[in-house]
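J.:
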Amino acid sequence: MLKMTRIKLLIFVSALLCVPFVNANMTDALRWGAFVSQGMAYSSDNHLYGDSDDGMSTELDEFGAWGSYAFNPSISFTGQVSMRDLGALENGSASVDYAFGSYLFLQNMDQVAGVRIGRIRSAFGLYNEIRDAPHTRSSIIMPQSIYNDRLRKTLFSSDGIEVYGSWQIDFNQLSYQFFYGESHIDNDEIDEISTVDIGGGLSDVDLATVGGDPEGDETFIARVIYEIDAGTWRFGLTYSRPKYHYEDKTGVAVIGGVSFPLKDGSIRRRAIISSIEYNHLDWSVSAEYIRDTRRTDGIFVGFDSGNSHGEGYYLQVIHRPNERLDIITRYDVSHQDRTDRSSPLNNTRDFTIGAGYRPKHNWLIRSELHLVQGMSWLSTVDNVGVNSHEHWNAFLLQVSYHW
Amino acid sequence: MREEAEIKRLSIANVTLISLRGILTLFVASVLIFLSLSPTHAIAADVIVNNSVSDQLREKDLRFIFSMKRRQWSDGTAISVFVLPAANDIHKKFCKEKLGIYPHQLEAVWYRLVYSGMGKAPIKVLSKEQMVEMVSTTPGAIGYIDTYVENDTYKIIDFR
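Listed in order, the protein sequences are those of chains A and B. Here the working numbering runs 49 ahead of the position in the first sequence, where the first position is 1. Here the working numbering runs 90 ahead of the position in the second sequence, where the first position is 1.
1) Looking at chain B, is there any beta carbon in it that lies within less than 8 angstroms of the beta carbon of P370(A)?
2) Quick one: using the 10 Å Cβ neighbour count with 16 as the cut-off for buried, is T237(B) buried or exposed?
3) So the candidates are V173(B), P193(B), R148(B); which of them puts its Cα closest to the Cα of V222(B)?
4) Find the residues of chain A that neighbour A231(B), judging by a C-beta separation of less than 9 angstroms, and give them in chain order.
5) Are the region 395-408 of chain A and the region 418-437 of chain A touching by the rule of at least three beta carbon pairs closer than 8 angstroms?
6) Mark K183(B) as exposed unless 16 or more other C-beta atoms lie within 10 angstroms of its C-beta, in which case mark it buried.
7) Whole-angstrom Cβ separation of I189(A) and E417(A), contact assumed at under 8 angstroms?
8) Check whether chain B comes within 8 angstroms of L109(A), counting only Cβ atoms and requiring the distance to be less than that.
9) Closer than 7 angstroms by C-beta to T448(A): which residues in its own chain qualify, once you throw out the five before and the five after it? Chain order, please.
10) Between the C-alpha atoms of D100(A) and P175(B), what's the straight-line distance to the nearest angstrom?
11) For the beta strand (DSSP E) holding N236(A), just list the boundary residues, first then last.
12) How about S308(A): is its Cβ closer than 7 angstroms to a heavy atom in the ligand COA?
13) Starting from F156(B), trace the alpha helix (DSSP H) both ways and give me its first and last residue.
14) Spatial neighbours of N356(A) within its chain, please: CB distance less than 6 angstroms, with the 5 preceding and 5 following residues excluded, ordered by chain position.
15) I want to verify the contact list: residues of chain A whose CB lies under 7 angstroms from the CB of K159(B), in sequence order.
16) Looking only at its own chain, which residues have a Cβ that is under 6 angstroms from the Cβ of S151(A), when we skip the five neighbours before and after it?
17) Start and end of the beta strand (DSSP E) containing V366(A)?
18) Using a Cβ-Cβ distance cut-off of 8 angstroms, determine whether A119(B) contacts chain A.
19) Is E27(A) close to chain B? Criterion is C-beta to C-beta, closer than 8 angstroms.
20) Name the DSSP beta bridge partners of Q217(A), please?
21) Under a CB-based cut-off of 8 angstroms, is S151(A) close to chain B?
22) Anything in chain A within Cβ reach of P193(B), meaning under 8 angstroms, just list it in chain order.
23) Going along the region 121-147 of chain A in order, which residues come within less than 9 angstroms of chain B, judged by CB to CB distance?
24) Closest to G207(B) by C-alpha separation, out of I179(A), S428(A), Q160(A), would be which residue?
25) T127(A) bridges to which residues according to DSSP?
26) Compute the Euclidean distance between the alpha carbons of S335(A) and F112(A), then round it to the nearest angstrom.
27) Quick check on I189(A): does DSSP put it in helix, strand or coil?
28) Output the boundary residues of the beta strand (DSSP E) element that contains D341(A).
29) Terminal residues of the continuous alpha helix (DSSP H) containing K202(A)?
30) So, helix, strand or coil for F184(B), using DSSP?
31) Do V430(A) and A137(A) come within 8 angstroms of each other at the CB atom, strictly closer than that value?
32) Compute the beta-carbon to beta-carbon distance between L204(A) and E241(A), rounded to the nearest angstrom, for a pair I have assumed lies under 8 angstroms.
33) With distances taken Cα to Cα, identify the nearest neighbour of N442(A) among Q385(A), L155(A), N95(A).
34) Just verifying my parser: in three-state terms, what is the DSSP assignment at H329(A)?
35) For S391(A), which three-state DSSP category applies?
36) With a threshold of 8 angstroms between beta-carbons, can S164(B) be considered close to chain A, or not?
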């Protein structure tokens, strides 16, 4: 049975009904779009987006609508609301993905520069901004070494101010974004990002059961992308430094079944990503490499600070034999801790093959097969009390529609 | 006995050869049929601009303009880019021959721009008649059509 709440269904249907009217009224100043998808996941072992272990989980659906209004060529407002069900990671409640006002203070033949304020999608790697809608991303599951779904909320957007722009140099383009503000985080994500090395490692830390109050703190993100020959080659460099603090209330974490007292504390993450993409006719090849450091101060009584140095990379090849079909092959590697490259709790290797088919322009059917070794990016909250397996496979199928 | 076996072997080889030749012929024929049926084959895609545009365009400029990276003409007028729907044959022809990319790759570039908030997608028109109308009436407009009719509101760009 499709797991769609009544409210979701209502919005979905009313959106469908609105389509002819809104499309007719869409002007150059007002732009909008929407997407809806339903997916299913089967896994040989472990849970991926719901109870998928040897069964079919349908807790993989999303609905989103975005709109943009330009008051004049320099001032505009853009926003998106969405509802997602991603196993236990997201429960289908509505949230504002981003909502910002932007002002272009420089526009000429070679340069554009502006500033935006509000909830802004984070410039993180090459694809973070297009990861949320099925028709814009390359696969159902993004490469988890960089675009970890366990940290989706905190990676996706942050509240603050960003200076952005682009500069044309002949047929090449340099674009840049510098963000300063505050990130978001919730109990599940604090759980995923906190590092404390006690026996079972961080995957066994379960803060979600306690009523603490995690909050985003000072965050800085910078990204530069250089494109050659109108996007034939794209090179990117990202620096991201979010900070979070945890205000303790009830003071207990369950680690490997044992309760540990908690206290106030903070977590800092510093990540650097280098990215490359090559496009030629019906081929696209991309690779990204991330190195990150996470430092936990306080939080766990008796473990004053913990450092974790992670690393990850992927290589992805997309071939489009015709305009309706794309075939994707990817090898994605994540090391949560560079000093431990063997334990399945800290490492994952994921070989993916998949295909996307567009029977009509607005419809997309995607399926993919993941051959996985390791559990480091598996959602902890989906796998509480589950007998984990190092070697597992997953099959996913998703149907989506966009306006 | 040996001769019989040899004849049998040869005839099997012959049958195999014939059936292989048959499959190859069928495959080549089907490819030729697909190619001849392909509606985009006979269609032209010529670039048109509003008469107000005086820039000398090179074919390389097109990919830059249609991927929405250049926003202004050299006189400061905003570039208004008009495109036909992705499934339109003239659009497919234009993308493949003039830009050298597939329609949905171009769309991916627009998505990236729109979803990052760094820019906007071109304006979609529903028919070539609407394309002509919009390019004729919008200063700084650029688009494409399959057949050009002499007029004084828009002009064709000759890349030769």
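Note that the Cβ used here is the ideal one computed from N, Cα and C, for glycine as well.
T.: According to the structure data:
1) With 8 angstroms as the cut-off, P370(A) does not count as an interface residue toward chain B.
2) Burial check for T237(B): the Cβ neighbour count within 10 Å stays below 16, so the residue is exposed.
3) Per the Cα distances, V173(B).
4) What A231(B) touches in chain A: nothing, since even the nearest Cβ is about 12 angstroms away.
5) Yes, the region 395-408 of chain A touches the region 418-437 of chain A.
6) So K183(B) ends up on the buried side.
7) At roughly 6 angstroms, the Cβ-Cβ gap stays under 8 angstroms, so I189(A) and E417(A) are in contact.
8) L109(A) does not count as touching chain B.
9) Just to set this straight, residue 448(A) is Val in the shown sequence, not Thr. The residues are S86, Q87, I414.
10) Here the alpha carbon of D100(A) sits roughly 40 angstroms from the alpha carbon of P175(B).
11) According to the DSSP assignment, N236(A) belongs to no beta strand (DSSP E) but to the alpha helix (DSSP H) extending over 236-242.
12) The ligand COA is absent from the structure shown, which contains no ligands of any kind.
13) Per DSSP, F156(B) belongs to the alpha helix (DSSP H) from 149-156.
14) In its chain, beyond the 5 residues on either side, R344 have a beta carbon closer than 6 angstroms to the beta carbon of N356(A).
15) Contact of K159(B) with chain A by beta-carbon distance below 7 angstroms involves Q217, Q222, A279.
16) Taking C-beta separations shorter than 6 angstroms and ignoring five residues to either side along the sequence, the partners of S151(A) in its chain run S125, G163, R165, following chain order.
17) Its beta strand (DSSP E) spans residues 354-371.
18) When Cβ-Cβ separations below 8 angstroms define contact, A119(B) makes no contact with chain A.
19) The structure shown does not extend to residue 27(A), since chain A is modelled only from 50 through 452, so no value can be given for it.
20) Residue pairing by DSSP places Q217(A) opposite Q222(A) in a beta bridge.
21) The beta carbon of S151(A) sits closer than 8 angstroms to some beta carbon of chain B.
22) The answer, in chain order, is E372.
23) The region 121-147 of chain A vs chain B, Cβ under 9 angstroms: P122, S125, T127, Q129, Y147.
24) G207(B) has its Cα closest to that of I179(A), out of I179(A), S428(A), Q160(A).
25) For T127(A), which the question treats as bridged, DSSP gives the partners S117(A), F149(A).
26) Looking at the two C-alpha atoms, the distance is approximately 28 angstroms.
27) Of the three classes helix, strand and coil, the one that applies to I189(A) here is coil, per DSSP.
28) For D341(A), the enclosing beta strand (DSSP E) begins and ends at 332-349.
29) Start and end: 201-205.
30) In the structure shown, F184(B) falls within a helical segment according to DSSP collapsed to helix, strand and coil.
31) A137(A) places its beta carbon less than 8 angstroms from that of V430(A).
32) Wrong, their Cβ atoms sit about 11 angstroms apart, outside the cutoff.
33) Per the Cα distances, N95(A).
34) Correct three-state label for H329(A): strand.
35) Of the three classes helix, strand and coil, the one that applies to S391(A) here is coil, per DSSP.
36) So yes, S164(B) belongs to the interface.
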